[in-house]
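Asks: Going by this note's numbering, the first residue of the sequence shown is number 193, and it counts up by one from there.
Using N, Cα and C, we set each Cβ at its ideal position, and we do this for glycine too.
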Amino acid sequence: MDKKKTQWQKGCGCSTFGQDTGTNKNILKIKWQRLIFEGETCPRCGSTDKELDKAVSTLRQSLAPLGIEIVLEKEELPVSKFKKDPLQSNRIWINNRLLEDWIEGGVGHSPCCDVCGSHECRTVEVKGQVFEVIPAEMIIKAGLTAASQLL
Numbered sequence: 193m194d195k196k197k198t199q200w201q202k203g204c205g206c207s208t209f210g211q212d213t214g215t216n217k218n219i220l221k222i223k224w225q226r227l228i229f230e231g232e233t234c235p236r237c238g239s240t241d242k243e244l245d246k247a248v249s250t251l252r253q254s255l256a257p258l259g260i261e262i263v264l265e266k267e268e269l270p271v272s273k274f275k276k277d278p279l280q281s282n283r284i285w286i287n288n289r290l291l292e293d294w295i296e297g298g299v300g301h302s303p304c305c306d307v308c309g310s311h312e313c314r315t316v317e318v319k320g321q322v323f324e325v326i327p328a329e330m331i332i333k334a335g336l337t338a339a340s341q342l343l
């Protein structure tokens, strides 16, 4: 019996009491999809990229003490899919839900640039205001709302 007790005290894996096993972390997954054509994206998506990085940094700092880990995935939208549905570009999902759903927003479209050709690109509309570039503050608000459901 003493031998078993000694093995347990040495950390044989029988108990996880007091250890961080990683299972107590909640995941907040943020996925962003944007058009990439010949290694380039449009200025709208390029600016959203910078805003997204700022937002993720803020969310990580704010949510880490609560045991919430932020996982960011940036996905390229092929030109072939963009041509079929341009509103697929510059989309953000937070825990598999579109950003605009978290903030009671809507989707619109407006002319963009040469990279996008003649296609009109996605905009986000909130309370009558149209955003071509998705601002960090909007991403943070949506992220915090989503995170509150993890607690």
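In whole angstroms, what is the alpha-carbon distance linking Ala328 and Glu268?
Replies: What you label residue 328 is simply residue 136 of the sequence shown in a count that begins at 1. What you label residue 268 is simply residue 76 of the sequence shown in a count that begins at 1. Near 20 Å, if we compare the C-alpha coordinates of Glu268 and Ala328.
Asks: Could you tell me the alpha carbon to alpha carbon distance between Cys308 and Phe229, rounded to whole angstroms?
Replies: For the purposes of this step, residue 308 is identified with residue 116 of the sequence shown, where counting begins at 1. For the purposes of this step, residue 229 is identified with residue 37 of the sequence shown, where counting begins at 1. If I take the Cα positions, the gap works out to 9 Å.
Asks: Would the beta-carbon of Val299 fall within 8 Å of that of Val316?
Replies: Locating residue 299 in the sequence shown gives position 107, where the first residue counts as 1. Locating residue 316 in the sequence shown gives position 124, where the first residue counts as 1. Yes; because the gap between Cβ atoms is below 8 Å, this pair is in contact.
Asks: Counting along the chain, where does the beta strand (DSSP E) carrying Gln225 start and finish?
Replies: Here residue 225 refers to the residue found at position 33 when the sequence shown is read from its first residue. First-last of the beta strand (DSSP E) with Gln225: Asn218 to Leu227.
Asks: Alpha carbon to alpha carbon, what distance is there between Gln341 and Thr250?
Replies: Here residue 250 refers to the residue found at position 58 of the sequence shown. Here residue 341 refers to the residue found at position 149 of the sequence shown. Taking the straight line from one Cα to the other gives about 18 Å.
Asks: Can you tell me which of the three DSSP states Gln341 falls into?
Replies: In the sequence shown, the residue the question calls residue 341 occupies position 149. Note: Gln341 maps to coil in three-state DSSP.
Asks: For Lys266, which beta-bridge partners are listed by DSSP?
Replies: Taking the first residue of the sequence shown as 1, we reach residue 266 at position 74. BP columns for Lys266 point to Trp224.
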